[in-house]
Amino acid sequence: MKKTMMALLVIFSLVSIFPSQIQAAQHNDDMRAVWMATVSNIDFPSVQNKNNATAQKQEFIKKLDRMQEIGINTIMVQVRPKADALYVSNINPWSDVLTGTQGLYPGYDPLAFMIEETHKRGMDIHAWLNPYRVTQSGTDLNSLSLTHPARLNPEWVMSYNNAYYYNPALEEVKQHIVDTVEELVKNYDIDGIHFDDYFYPSNYPLPAGEDRDGPTANARREHINDMVKRVSKVIERTKPNVMFGISPIGIWKNQKSDPTGSNTGGGESYYTVCADTRTWIQNEWIDYVVPQIYWETTHQTANYKTLVEWWSNEVKGTKVKLYIGQGIYKDTVAEEMITQLKENEKYPQIEGSIYFSMKDLMNNRKGVSTALQTYYKGSWVDDSDDQIKDDQVDSGQTGDTSNPELVGKMGVVTEDSLNFREGPGTTYSSIGKLNKGTKVTIFAEANGWYQVGLTNGQVGFVSSNYVRILGDNEVVEEEDQEVIIPPNSNDQTVSDGTIKLIIKGKQVKPPVAPFIQNGTTLVPLRIISENLGAEVEWESESRSIIIQQDNNMMVLTIDSKKAMVNGKTETLLEAPQMVNGTTMVPIRFISEKLGAKVDWNSSSKIITIE
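FYI, in mature numbering (1 follows the signal peptide of the UniProt record, and there is no 0) the residues of the sequence shown are -24 to -1, 1 to 586.
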């Protein structure tokens, strides 16, 4: 008992003296992972490094070192993006992401190299596989390598939305997936096998007269269950220390579909792709589950807080570990990432996070990498060599002035033309300038700098000398912010913030300002979908958006004017595009397809949707 009391006193003393170090230590055993997507060369290898083994190795080392600096301890490398391989295989051909030609030897073994570099840094590596996808949209089977299993066995394949997939119902396909996993586990010193959220193609049609709980839908779910169980068994038999995990869509079922589902209103993995995650967890066929909760804590129909609580309850009483998939590819999520991680801390079942994707950490989207390094290591990334000063900042102000009590507080800018920077120091570029009276939310603070968010959704850094923290009940009238215009095409006319949206009689403030391009007004998709009762799914790898409302379904693709509307191809006046992580779509096309009427008043610059 005395030893216990002494230990507690020591721990209490350490916490009192070194609170930030203790906080960082709390995260040491957590999963702190990142997805490295290779399909379409999203994260690796860069297009310019195709067919260049030396450049690919250098690129991987550079990115791996940066991940380690941020605090990442595990890499989820996509080694099977399209039924192919980034490793030596007797079953699947070399991936074309390496050389531009499927089946062509890249001059080295990428996975073996990645394992060596990852392990020498004390980091883990999981082999991420997409079990069923064979091609992306618009690719014919004849374009596959001559030895590709799908080309040799075309009866294994089914087609949907102009893409090809292995048929999950076939025994040959199940065995092919099991053999692929067994080969990987036997031949490589990987720490885990990882599947993502793609199983049956999204909303694959059912036979006429059957519903989503009918015999065909149930049979499809059982085929997926059978594959998952068999993969689990082959890993356990071959190398039991290798983990097996799956990252499903963030919603299993909504309460309106099942009383035991989550209180949400988004796409359901149980129905959309026939993924019955609950069965996998209850049978402990998987070692960990990573629901992709890619929404905000303020989201109206798929609330982050609601979902992390639901998933925490779902794994209770099982040996299945729960990690959260964090959607930092979205600006609105990246800028509130620390808020989300602190929400995770409330649940002992949550043992870490996986971030999608690596490029967003490399690019420090909305300051998320800086924030994560602070969170994981208790120190700021400071490239300014202690020259912490701005145009109007006292050059003598240096040193860590970290104050966690300020996080989440509101503040107001006290001087005109305050630099709004990309990072905490004058060596970082100025994004723009803020006017006196601009309201900001404090996300983090150190060394005389605040990481702040603006009411228009932008995140940056300002000198703390020129921000006054507001009292809890203090209300101030905000002055006009200087609009910081996102880069985009040359022919784009961006709104200066005066375009207003009124939906069903209520003015709505979007995260990114609407703009007019070639006579077409583009607005954030989420604003339209939420207010018109539609559900939206984002398929990051194909850069496609699926919008569903009752019996209507639209499929849009970023930078493409072609859209699928209820199975028919239609042409948009302007293509959807991504602006600061927000999907912008033609407002009239989307609204009218969802049964709403749109009115544009050019003199008042007001868009009305009824």
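No residue lacks a Cβ here, since even glycine has one placed at the ideal position from N, Cα and C. Note that the structure is predicted; figures quoted are calculated from it, not measured.
8 Å contact criterion, which residue i and residue j should meet: CB distance rounded
{"i": "V438", "j": "L394", "result": "6 Å"}
{"i": "G237", "j": "N230", "result": "5 Å"}
{"i": "V291", "j": "I211", "result": "Between I211 and V291 the Cβ distance is about 19 Å, and since that is not below 8 Å, they are no contact."}
{"i": "T240", "j": "T282", "result": "6 Å"}
{"i": "residue 592", "j": "P500", "result": "It is not possible to answer for residue 592, since the shown part of the chain is limited to -24 through 586."}
{"i": "L337", "j": "V10", "result": "6 Å"}
{"i": "A59", "j": "P125", "result": "7 Å"}
{"i": "P86", "j": "Q78", "result": "So it is not a contact: roughly 15 Å between Cβ atoms."}
{"i": "A420", "j": "T533", "result": "Rounded, the Cβ-Cβ distance is 36 Å, inconsistent with contact."}
{"i": "V296", "j": "D263", "result": "7 Å"}
{"i": "I101", "j": "I37", "result": "Between I37 and I101 the Cβ distance is about 14 Å, and since that is not below 8 Å, they are no contact."}
Residue j beta carbon less than 8 Å from that of residue i
{"i": "Y331", "j": "I304", "result": "yes"}
{"i": "T115", "j": "L40", "result": "no"}
{"i": "L317", "j": "V265", "result": "no"}
{"i": "D19", "j": "M334", "result": "yes"}
{"i": "R42", "j": "G328", "result": "no"}
{"i": "Y246", "j": "W228", "result": "yes"}
{"i": "K569", "j": "V541", "result": "yes"}
{"i": "I563", "j": "T497", "result": "yes"}
{"i": "K150", "j": "R206", "result": "yes"}
{"i": "residue 587", "j": "E312", "result": "Limits of the chain in this structure are -24 at one end and 586 at the other, which puts residue 587 out of reach."}
{"i": "V389", "j": "V309", "result": "no"}
{"i": "M203", "j": "I169", "result": "no"}
{"i": "Q32", "j": "P21", "result": "yes"}
{"i": "L62", "j": "T111", "result": "no"}
{"i": "Q24", "j": "M99", "result": "no"}
{"i": "S121", "j": "N138", "result": "no"}
{"i": "Q525", "j": "L508", "result": "yes"}
{"i": "I326", "j": "N320", "result": "yes"}
{"i": "E513", "j": "Q276", "result": "no"}
{"i": "E398", "j": "G436", "result": "yes"}
Candidates the options: closest to residue i by CA position
{"i": "G156", "options": "K538, L120 and A103", "result": "As written in the sequence, residue 156 is Thr, which differs from the Gly given in the question. That would be A103, whose Cα lies nearest to the Cα of T156."}
{"i": "N143", "options": "L122, S119, V161 and Y180", "result": "Y180"}
{"i": "P400", "options": "S440, Y176, G387 and K415", "result": "S440"}
{"i": "G243", "options": "I269, Q349 and M203", "result": "I269"}
{"i": "I200", "options": "N68, I475 and C250", "result": "C250"}
{"i": "I582", "options": "P69, F171, S119 and I479", "result": "I479"}
{"i": "M529", "options": "A59, D535, G571 and V555", "result": "G571"}
{"i": "D189", "options": "S178, I314, T248 and G168", "result": "T248"}
{"i": "K306", "options": "Q32, R502 and S135", "result": "R502"}
{"i": "V416", "options": "Y174, M386 and S16", "result": "M386"}
{"i": "L348", "options": "Q302, M12 and R127", "result": "Q302"}
{"i": "W286", "options": "T390, P552, P267 and Q276", "result": "P267"}
{"i": "N66", "options": "Q34, G168, Y323 and E159", "result": "E159"}
{"i": "Y323", "options": "T315, G293 and S288", "result": "S288"}
{"i": "S178", "options": "E321, S208, A184 and Y140", "result": "Y140"}
{"i": "A193", "options": "Y176, K209 and S208", "result": "Y176"}
{"i": "D173", "options": "G226, N137 and G185", "result": "G226"}
{"i": "A551", "options": "T545, D187 and A539", "result": "A539"}
{"i": "P57", "options": "L74, A278 and Y84", "result": "L74"}
{"i": "R97", "options": "Q258, V555, G47 and M554", "result": "G47"}
{"i": "I418", "options": "I407, I445 and Y136", "result": "I445"}
{"i": "N577", "options": "I475, E586, K537 and E511", "result": "I475"}
Any non-hydrogen atom of the ligand NAD closer than 7 Å to residue i Cβ
{"i": "N25", "result": "As presented, the structure is devoid of all ligands, the ligand NAD included, so that no description of it is given."}
Every unbroken alpha helix (DSSP H) inside the segment 138 to 196 [4 residues or more]
Complete alpha helix (DSSP H) runs here, min 4: 147 to 163.
Are the segment 416 to 431 and the segment 341 to 349 touching by the rule of at least three beta carbon pairs closer than 8 Å?
A contact exists between the segment 416 to 431 and the segment 341 to 349.
Where in the segment 215 to 257 do unbroken runs of the beta strand (DSSP E), each at least 3 residues long, occur, reported from the N-terminal end onward?
The beta strand (DSSP E) runs of length 3 or more contained entirely in the segment 215 to 257 are, from start to end of the chain, 219 to 222.
Count the C-beta pairs between the segment 478 to 497 and the segment 520 to 538 that are closer than 8 Å, then say yes if the count reaches three, no if not.
Contact fails: fewer than three Cβ-Cβ distances are below 8 Å.
Any 3 or more C-beta pairs closer than 8 Å across the segment 133 to 149 and the segment 105 to 124
Contact check between the segment 133 to 149 and the segment 105 to 124: three or more CB pairs, one atom from each, fall below 8 Å, which counts as touching.
Uninterrupted beta strand (DSSP E) stretches inside the segment 505 to 536 (no shorter than 3 residues):
Within the segment 505 to 536, the runs of beta strand (DSSP E) that reach at least 3 residues and sit entirely inside it are, in chain order, 511 to 515, 520 to 525 and 528 to 533.
Given 8 Å, three or more beta-carbon pairs between the segment 80 to 90 and the segment 47 to 60:
A contact exists between the segment 80 to 90 and the segment 47 to 60.
Secondary structure, beta strand (DSSP E): runs of 3+ residues fully inside the segment 285 to 363:
If we require 3 residues or more, the beta strand (DSSP E) runs fully inside the segment 285 to 363 come out as 297 to 302 and 326 to 331.
Beta strand (DSSP E) runs contained entirely in the segment 34 to 109, provided each spans 3 or more residues:
At a cut-off of 3 residues, the continuous stretches assigned as beta strand (DSSP E) that sit fully inside the segment 34 to 109 are 50 to 56 and 100 to 105.
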